[in-house]
Amino acid sequence: MKNPEQVASVRETYPLAELEATIARGKEWFVGMGLALGAIRDLRLYRPEFGSFDKYCRAKWGCGRQRAYRLIKAAAAGKSNTRVTPFNQASEERTQVN
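Quick note on the working numbering: the sequence shown kicks off at 1 and runs consecutively.
Structure representation (structure tokens):
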């Protein structure tokens, strides 16, 4: 958005508080989604209909297991408000059980 007219238009149309409210709603949404996916995975609620978590994710949500795991991890970070950095991400990946 390098066009000055676009920037001015966005500033006039979307005040900072409104944009921040949108971000907050999005954070709540993805945290809820990640926590739900984590519960489905951990409790193996997908098993009666699907043979694997990957098959469940692909059929129901159009994403693979890796994307779902990323959402689960992001939800945990978002819930705790911890910033994921390359340092703590690497140590967290080593402790995860797939």
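Think of the CB as a built atom: it goes at the ideal place given N, C-alpha and C, for glycine as much as any other residue.
Secondary structure at residue i, three-state DSSP: helix, strand or coil?
i	result
Glu49	coil
Gly38	helix
Gly78	helix
Cys63	coil
Specify, as a first and last residue, the run of the alpha helix (DSSP H) that residue i falls within.
i	result
Arg44	Taken as a continuous stretch (DSSP letters only), Arg44 belongs to no alpha helix (DSSP H), as it is neither H nor E.
Tyr14	Note, Tyr14: premise wrong, no alpha helix (DSSP H); not H, not E.
With residue i and residue j assumed to form a contact (beta carbons below 8 Å), what rounded beta-carbon distance in angstroms separates them?
i	j	result
Ala59	Phe50	6 Å
Gly26	Ala74	Going by Cβ atoms, the distance from Gly26 to Ala74 rounds to 11 Å, so no, they are not a contact pair.
Gly78	Phe30	7 Å
With a cut-off of 7 Å, does the C-beta of residue i fall near any C-beta of chain B?
i	result
Arg47	Absence of chain B from the displayed structure is noted, only one protein chain being present.
Can residue i and residue j be called in contact, C-beta distance under 7 Å?
i	j	result
Ile72	Leu37	yes
Should the region 66-79 be regarded as contacting the region 33-47, the criterion being three or more beta carbon pairs within less than 8 Å? yes
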